[in-house]
Amino acid sequence: MKKLMLLSLAIVGFLAGCHTVSGVGRDISAGGQAVSNASDNVRSEM
Numbered sequence: 001m002k003k004l005m006l007l008s009l010a011i012v013g014f015l016a017g018c019h020t021v022s023g024v025g026r027d028i029s030a031g032g033q034a035v036s037n038a039s040d041n042v043r044s045e046m
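In the working numbering, the protein residues as written are 1 to 46.
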């Protein structure tokens, strides 16, 4: 029960920080872009 409560609070906090569903999409996209940039940097250094 505590796990469900903590998960619910985490999701609410995450969504409140993004304000909208499209904000969540932009945040996920930005995270993916950061990972892509990091992998490009590693690849160019090899």
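Glycine included, C-beta positions come from ideal geometry on N, C-alpha and C.
The model shown is predicted, which means the values in this text are computed figures rather than measured ones.
The three-state secondary structure of residue 46, taken from DSSP, is coil.
The alpha-carbon separation between residue 40 and residue 30 amounts to approximately 15 Å. Spanning the alpha carbons of residue 7 and residue 13 requires a straight line of approximately 10 Å.
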